[in-house]
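There are 2 protein chains.
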Amino acid sequence: MSSTGPKRPGAGDSDASAEPAALQPRARATRLAILTAAAEHFARNGYHATSLDSVLADSGGTKGALYFHFASKEALARAVIAEMVQGWGDLRGHISRPGLDPLAALLALVDEVVRGLIEDPIARGGTRLLNDLPRRARDVGGHYGRGERDAAALLGQAAQAGLLRDGIEPALVARQIVALIAGHRQICDAAADRHSLRQRVDEAWTLLLPTIATDAWLATWRAAKPG
Amino acid sequence: MSSTGPKRPGAGDSDASAEPAALQPRARATRLAILTAAAEHFARNGYHATSLDSVLADSGGTKGALYFHFASKEALARAVIAEMVQGWGDLRGHISRPGLDPLAALLALVDEVVRGLIEDPIARGGTRLLNDLPRRARDVGGHYGRGERDAAALLGQAAQAGLLRDGIEPALVARQIVALIAGHRQICDAAADRHSLRQRVDEAWTLLLPTIATDAWLATWRAAKPG
DNA sequence: CATGAAACATACCAGTGGGTGTGTTTGCGT
DNA sequence: ACGCAAACACACCCACTGGTATGTTTCATG
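Taken in order, these protein sequences are the chains called X and F. For the first sequence, the positions run 401 to 627 when the working numbering is used. For the second sequence, the positions run 401 to 627 when the working numbering is used.
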């Protein structure tokens, strides 16, 4: 009971992601192992159906290691989401290439997101947690809203660059794109066939792009895309 | 242990929905009360976070009543899904009005589905269960696939009636429509604002319909729709 | 090499929740 | 009225799980 013990990073105050950044390399490795194993279990069985014991069995860690790094199961889940969000943030810089118009950048961004939703356990677990976590524990609507704003920003730049048809509202289209991805991911997940996500999103683009983009942009795009 | 007891409808064989249809009116009432309360809890907290004690407290029933009608918690959840699916089946007949072209019928069908996703606890709980239920317990991809086939059928009729533009593939568009609805529902649910679902789906139509429907159909549609 | 904190390991606890066994009421046929 | 099954009520069980308390190892630092 005495508070003479060391202030453990996970059991600290109530902020979501402290990340003391003073972790020894071994600690970072075990933390990542637990986080990844947890994300995989969350992606497969959801939040409540995932037991910490099973996660620890897969990760090779123990209860002590877990509760040293994370204050609770909920904090562990939030850490998975935070890791996913950070990955999406890093993705922005990874996309920007010179000579890439805003619309093509949006295409590339979505492609990377889809890639993560298929391959990356963190992204797969995180997206599922957005719906499985109890309401108070998830930043309500914040993550989807951010995706919508990011897409709307790129679409706004595309509109100013004259790449979009007249009357196309960036915010509206952005909402549809995010919903499309979320919906297809959900359907693929329900069918246990997440690899078909790429094809479904490609089909969505073939239907959506002629609606929003100018003929000139479509011509250059069709000329540039493989196949 | 002796098998002299009555064969209880829920605890019967392994088929999903026996529905003995010989239930006394009181039994049907309690069954529906439990089913509805369970659907509400499933919709709010998901499958695993829902305790049978809490739904029984809400429904007024007891463990005895529950396990008389349903063999297990999983069977209860499957019954909610089955009820939702049956409601969607009945919806087909409820839509068909004379003088309604296939495309308008699709619009009406989607509108009724959206209405159910906002108001009907069975539909709200059932859709959530499609993702929360363990994989073996949910008809993998069957329900979404059926929605896609239904939409594709109506779009096929619309194409044959000359209501769609050239080059529009019914199956492809149907997949996008189902994904759109599923995605928007998911986003609205995450934001705890399910009433905005109608507006979001309306926005999707304003973006999608000009792409797939002929100008003639759009003219009559814009003339007929309120507002 | 001593020392204290960081980074784990292990045994254990207490609440919870799905499921069961048995008793009790309701309703229907005769 | 009587019997019997349907339809429920209630007490109980126990496996499981998140969390904790305490002991043990690793590592940086002087």
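Positions of the beta carbon are idealized from the N, C-alpha and C atoms, including for glycine.
| Query | Result |
| --- | --- |
| Burial state of residue 478 of chain F, where buried means 16 or more other Cβ atoms lie within 10 Å | buried |
| Rounded separation between residue 594 of chain X and residue 543 of chain X - CA only | 21 Å |
| Extent of the continuous alpha helix (DSSP H) to which residue 586 of chain X belongs | 570–590 |
| Exposed unless 16 or more other CB atoms sit within 10 angstroms - verdict on residue 429 of chain X | exposed |
| Length of the line joining the Cα atoms of residue 577 of chain F and residue 512 of chain F | 14 Å |
| Span of the alpha helix (DSSP H), counted from its first residue to its last, around residue 628 of chain F | In this structure chain F extends from 401 to 627, so residue 628 of chain F is not present and cannot be described. |
| Touch test, the segment 554–563 of chain X against the segment 613–622 of chain X, Cβ-Cβ under 8 Å, three pairs minimum | yes |
| Secondary structure of residue 564 of chain F, DSSP reduced to three states | strand |
| Boundaries (first-last residue) of the alpha helix (DSSP H) holding residue 502 of chain F | 502–519 |
| Range covered by the alpha helix (DSSP H) that runs through residue 425 of chain F | 425–445 |
| Status (buried if at least 16 other CB within 10 Å, exposed otherwise) for residue 624 of chain F | exposed |
| Residue-chain proximity (residue 595 of chain F, chain X), Cβ-Cβ < 7 Å | no |
| Assigned exposure category for residue 500 of chain X - 16 Cβ within 10 Å defines buried | exposed |
| Rounded separation between residue 448 of chain F and residue 450 of chain X - CA only | 10 Å |
| Residues in the segment 486–520 of chain F having any Cβ partner in chain X nearer than 9 Å | none |
| Contact belief for residue 480 of chain X with residue 435 of chain X at Cβ below 8 Å, rounded distance in angstroms | 6 Å |
| Best match in F:438, F:586, F:583 for proximity to residue 458 of chain F [C-alpha to C-alpha] | F:438 |
| The alpha helix (DSSP H) enclosing residue 670 of chain F, as first and last residue numbers | With chain F covering 401 to 627 only, the question about residue 670 of chain F has no answer from this structure. |
| Where residue 440 of chain F meets chain X, residues with beta-carbon distance less than 8 Å | Those do not exist, as residue 440 of chain F stays about 15 Å from chain X at its closest Cβ, beyond 8 Å. |
| Per-residue DSSP class, three states only, for residue 449 of chain X | coil |
| The segment 458–468 of chain F / the segment 490–498 of chain F touching (three or more Cβ pairs under 8 Å) | no |
| Rounded separation between residue 601 of chain X and residue 582 of chain X - CA only | 10 Å |
| Secondary structure of residue 527 of chain X, DSSP reduced to three states | helix |
| Straight-line Cα distance separating residue 470 of chain X from residue 599 of chain F | 40 Å |
| Neighbour-count burial assignment, residue 592 of chain X, 16 or more Cβ in a 10 Å radius | exposed |
| Candidates X:468, X:521, X:539, X:586, of which the one nearest residue 443 of chain X by Cα | X:521 |
| Host alpha helix (DSSP H) of residue 466 of chain F (start-end) | 463–469 |
| is_contact[residue 586 of chain F, chain X] using C-beta, thresh 7 Å | yes |
| DSSP-derived helix/strand/coil call for residue 490 of chain X | helix |
| Which of helix, strand or coil DSSP assigns to residue 454 of chain F | helix |
| Contact belief for residue 523 of chain F with residue 487 of chain F at Cβ below 8 Å, rounded distance in angstroms | 7 Å |
| Interface residues of the segment 440–458 of chain F facing chain X [CB-CB below 7 Å] | 446, 448, 449 |
| DSSP three-state assignment for residue 532 of chain X, whether helix, strand or coil | helix |
| CA-to-CA distance, residue 445 of chain X to residue 525 of chain X, given in whole angstroms | 9 Å |
| Chain-order list of residues whose beta-carbon lies under 6 Å from that of residue 465 of chain F (same chain, five-residue window excluded) | 430 |
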